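So the sequences go chain by chain: A and B.
Quick note: to get this note's numbering, add 4 to the position in the first sequence (first position is 1).
Quick note: to get this note's numbering, add 58 to the position in the second sequence (first position is 1).
Just so it is clear, CB atoms sit at the ideal spot from N, CA and C, and this is done for glycine as well.
Keep in mind the model is a prediction, meaning the values are calculated, not measured.
Before any comments, here is the structure.
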Amino acid sequence: MSSKTCLEGETLAAFEAEIEALRREQYADIGARDARHIRRVRGIVQGTAIGGRGLLMFGVGPLSWIAGVLSLATAKILENMEIGHNVMHGQYDWMNDPGFDSRTYDWDIACTGDNWRQSHNIDHHDHTNVVGKDDDFGYGMLRMSEQQKWTPSCLLQPFSYLVLALNFEWGVAVQNLKLGRFFKGRMKMPEFRERMRPFLRKAGRQLFKDYVLFPALAFWQWPRVLLGNLAANLIRNVWTNAIIFCGHFTEEVKTYTRREVAHETRGQWYLRQIQGSSNLEGGRWFHLMTGHLSHQIEHHLFPDLPAPRYVEIAPRVREICARYGIHYNTGGFWKQYAGVLARLVRHAFPTRRGAAMGAA
Amino acid sequence: MYSLASQPRAGARGASRFWRRPLWAPLNDPEAWNRLVRIVNPAWSFTEPRARVIRLVDEAPGVRSIWLKPNGRFGRFSPGQHLMLELEIDGVRQARCFSLSHAPRADRLLRLTIKRKDDGPVSSAAHALKRGQVVRLGRAQGTFAPRDPAAPLLLLAAGSGITPMLSLLHGMAAAGASRDVVLLHGIRSPADAIGTLELQELAARWPRLRVHVQASAVEGRLDPAGIAGLVPDWRERETLLCGPDGFMRQVEAMYAEAGCGALLQSESFGRRAAPVDPDAAAHAVSHGSPEQVFTALAGQSLLDAAEAAGLKPRFGCRRGICRTCTCRKRSGTVTNLLTGLASGPGEELIQLCISSPRSALELAL
């Protein structure tokens, strides 16, 4: 495991200036092309959703069921990752289009948009990989770093990870409820109830839509639709989980302590974003299906830049990193995901800082 | 719904409310249905007034009339009203207000007559529209019309300020063409005349309509003295005024001096705030949670200041008409740049585009 790169003084300032220059150049260029992209994706989402639900409701035989599931899963994945996540980052606010407004967008997933805007945009994107502040780091249930305390229950984490992956949308949805704080008695009942209400409302709607409304509309075909929707949701959950875990928990991703990030400069913040994230390599459709989270590094540098641009600027970010001796963590999906699983298993057992270094 | 002449029955209202419940999503998502019908015809929509460009007519150098065929959602309008025209400019939806320049017609066509402004992205984009393109519209709004249905009338226009006057004249002509009306139109040179032909036609079948077009290059600028000379009984006429800022201020001063300001109505959405004095007092504007702060100068609109600080609040017309940028002010006082009036100190809704800080502010952006 390579240690963290620390830039100092003039080198740090020059690095910061280069990243800032890239940011200014990209933001000045935003325009019709980006608007066309997000509308086209919305068209694909609507088309695959209608197609998928249609095949599930009116199709006959197992082949149309499989096609329907895949089509609906594609719609859900694209809607969650390329539209929902990116729109709620404000990547398309400049369009002045109420349909892509980061403040009001709500997505086809159990987590409410408002909760996400808090837990993701602030807690995760500002405090990226700061153990204890970034709730995404292990989702409060997984031990992914030697800096987290080991308890015997960590031994179960390969199993609990499997449960999380299958139910990822619910994991994300309850994240901001801070259930742990409530059960430890550190949250009062009224506050807990206040947090629960929007979650329950959204969860009810999601369950009603996929497991009551659409099955009922299919009359005697209802079991087909119900199972198809369940399968599509599971595919979406497993896929988004794998992509998101590849973004921050691969083998070489760095973690930080609160002390390390106190008095951080903008340049150091950029550096942490790069070192705390990892990319995936693949083709155009792969990037789209990950919502361009395959470019987690670029996304963390510029969270509100329209996502397809990450692909374009990636070679330049990589080149800047190479010049400053910063490790640019990238690899194919299976290599990176294997790294995640290895990290997950390794930290299920008691590891200490020194031990971890020795093992790598 | 608004397109129905009578109020819908209570049962229908209840059903519609039931259908709109979030439980039925995504089946009741109007935007999703709109996108589907748009595949068939881009001008169709269940909710949005849209219109197709039917004809483009050059009226004068830099002035073009755009004839639009609206869909059923547009509803009705009355002469003198304006509407928001929304165009997409390099991916950004931008909207501005324009007066309708024709009265309601049997064929339902709308006409906008737009002067191209170099600093106006929407007017430039409107000039670049092609036949067959589809644009978004707002509903017609505004109350610019004579209050008295029969009293003698004076219409004062300069430049493209003629547009609501044309609409009003067509409306009155359709209603009988019997009223005593004087139209004074100030333009720069004779080539800048707008609607000469239709004004001649109107005057031919409307004996009590008098039209005077004055080109400043030939007869000098149309000013208060000139108006008084051309229309000696101006103090007895209900007056409607529309034109560039300087002209409107002159005429408003003239009416105020004579003590007959009550006779005058102005259409003022063409007005821009005066340039901001860079030495004006700066005020801190805090917003959001966790709290962020940007500064705005007295005289500068909060919308401009927020954008200069890198924020992207929603906006529409940028001149106080459409209320897209309305936001909640938690504390502090603002000046309304259109009226010059100060707000209260407490919590209220303000329009960012026409509000300027008088004190430190706290907003819920």
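Going by alpha carbons, who is nearest to ILE87(A) out of GLU264(A), ASP38(A), LYS182(A), GLY184(A)?
ASP38(A) is the residue among GLU264(A), ASP38(A), LYS182(A), GLY184(A) whose C-alpha sits nearest the C-alpha of ILE87(A).
Name, please, each residue of chain A whose Cβ falls closer than 9 Å to the Cβ of GLN358(B).
In chain order: nothing, as chain A lies at least about 20 Å away.
Beta-carbon contacts of TRP154(A) that lie in its chain and below 6 Å, excluding the five residues immediately before and after:
Result list for TRP154(A): PRO354, in chain order.
Partner residues on chain B for GLY94(A), Cβ-Cβ distance less than 8 Å:
LYS370, listed in chain order.
Proximity below 8 Å, CB of VAL239(B) to CB of LEU211(B):
For VAL239(B) and LEU211(B), yes; Cβs fall inside 8 Å.
State the CB to CB distance for the pair LEU187(B) and LEU114(B), rounded to an integer number of angstroms; the pair is presumed to be in contact (CB under 8 Å).
LEU187(B) to LEU114(B), Cβ: 7 Å. Contact.
Along the segment 210 to 225 of chain A, what residues have a CB closer than 8 Å to any CB found in chain B?
When C-beta distances to chain B are compared with 8 Å, the residues of the segment 210 to 225 of chain A below that value are PHE212, LYS213, LEU217, in chain order.
For GLY65(A), name the three-state secondary structure that DSSP assigns.
Look at GLY65(A) here: in three-state DSSP terms it is helix.
Keeping to the same chain, check which residues put their C-beta closer than 8 Å to that of HIS160(B); ignore five residues upstream and five downstream.
Around HIS160(B): LEU167, LEU168, ARG169, LEU224, SER225, HIS228.
Taking 8 Å as the cut-off, decide whether the C-beta atoms of ARG246(B) and ALA275(B) are in contact.
Yes, these two residues count as a Cβ contact at 8 Å.
Run the CB neighbour count on GLU14(A), radius 10 Å, all protein chains shown included, and call it buried at 16 or more, exposed below.
Flag for GLU14(A) reads exposed.
For TYR260(A), three-class secondary structure by DSSP
Under the three-state reduction of DSSP output, TYR260(A) falls in the strand class.
At the level of alpha carbons, what is the spacing between LEU160(A) and GLY47(A)?
LEU160(A) and GLY47(A): Cα-Cα distance of roughly 42 Å.
DSSP three-state label for TRP82(B), please.
Three-state result, TRP82(B): helix.
Tell me the rounded alpha-carbon separation between ASP140(A) and ASN133(A).
Taking the straight line joining both Cα atoms gives about 8 Å.
Name the residues in the segment 66 to 99 of chain B whose C-beta lies less than 8 Å from a C-beta of chain A; which are they?
Residues PRO80, LEU81, TRP82, ALA83, PRO84, LEU85, GLU89, ALA90, ARG93, LEU94.
Could you give the uninterrupted runs of the alpha helix (DSSP H) lying entirely in the segment 211 to 247 of chain B, keeping only those of 4 residues or more?
Fully contained in the segment 211 to 247 of chain B are the following alpha helix (DSSP H) runs of length 4 or more, in chain order: 220 to 232.
Hey, does TRP111(A) have any beta-carbon neighbour from chain B nearer than 8 Å?
Among the CB atoms of chain B, none fall inside 8 Å of the CB of TRP111(A).
For THR15(A), three-class secondary structure by DSSP:
Under the three-state reduction of DSSP, THR15(A) is assigned to helix.
C-beta neighbour in chain B for TRP273(A), strict 8 Å
Taking a beta-carbon distance threshold of 8 Å, TRP273(A) does not count as an interface residue toward chain B.
What do you get for SER414(B), buried or exposed, if any count of 16 or more other CB atoms within 10 angstroms of its CB means buried?
SER414(B) is buried by the Cβ-count criterion.
Taking CB distances under 8 Å as the criterion, tell me whether ASP148(B) reaches chain A.
Using a CB distance cut-off of 8 Å, ASP148(B) counts as an interface residue toward chain A.
Counting Cβ pairs closer than 8 Å, one from the segment 229 to 247 of chain A and one from the segment 105 to 120 of chain B, do we hit at least three?
Put simply, the segment 229 to 247 of chain A does not touch the segment 105 to 120 of chain B. Fewer than three CB pairs are less than 8 Å apart.
For a contact meaning CB atoms closer than 9 Å, what does MET99(A) contact in chain B?
The answer, in chain order, is GLU146, GLY149, VAL150, ARG151.
Can you name the start and end residues of the alpha helix (DSSP H) that ASP303(B) belongs to?
Counting along the chain, the alpha helix (DSSP H) containing ASP303(B) begins and ends at 303 to 315.
Can you give me the Cβ contacts of VAL271(B) inside the same chain, cut-off strictly under 7 Å, excluding the 5 residues immediately before and after it?
Sequence-distant partners of VAL271(B) (beyond 5 residues in either direction) whose C-beta falls short of 7 Å from its own C-beta, in its chain, are HIS243, ILE245, ALA251.
Hey, quick one: how far does the beta strand (DSSP E) through LYS173(B) stretch, first residue to last?
Where LYS173(B) is concerned, the enclosing beta strand (DSSP E) starts and stops at 168 to 173.
Rounding to the nearest angstrom, what Cα-Cα distance links THR52(A) and SER75(A) in this structure?
Their Cα atoms are separated by approximately 5 Å.
In terms of residue numbering, what span does the alpha helix (DSSP H) encompassing ILE113(A) cover?
Premise fails: ILE113(A) is in no alpha helix (DSSP H) and is neither H nor E.
Reference LEU309(A), options HIS89(A), GLN50(A), PHE19(A), GLN340(A), closest by Cα:
The shortest C-alpha separation from LEU309(A) is found at HIS89(A).
In the DSSP assignment, the beta strand (DSSP E) including VAL271(B) goes from what residue to what residue?
It spans 267 to 273 - the beta strand (DSSP E) in which VAL271(B) sits, taken as one unbroken run.
Range of the contiguous alpha helix (DSSP H) that encloses ASN119(A)
117 to 122 is the extent of the alpha helix (DSSP H) around ASN119(A).
Closest by CA to ALA114(A), which one among SER106(A), LYS213(A), HIS351(A)?
Minimum Cα distance to ALA114(A) is reached at LYS213(A).
How long is the line joining the alpha carbons of VAL64(A) and HIS296(A), rounded to whole angstroms?
Near 35 Å, if we compare the C-alpha coordinates of HIS296(A) and VAL64(A).
What number of angstroms, rounded off, separates the C-alpha of ASN129(B) from the C-alpha of SER74(B)?
Here the C-alpha atom of ASN129(B) lies approximately 21 Å from the C-alpha atom of SER74(B).
Against GLY35(A), what residues of chain B qualify as contacts under a CB-to-CB distance less than 7 Å, listed in chain order?
Neighbours of GLY35(A) in chain B, taken as residues whose beta carbon is under 7 Å from its own, are ASP148, GLY149 in chain order.
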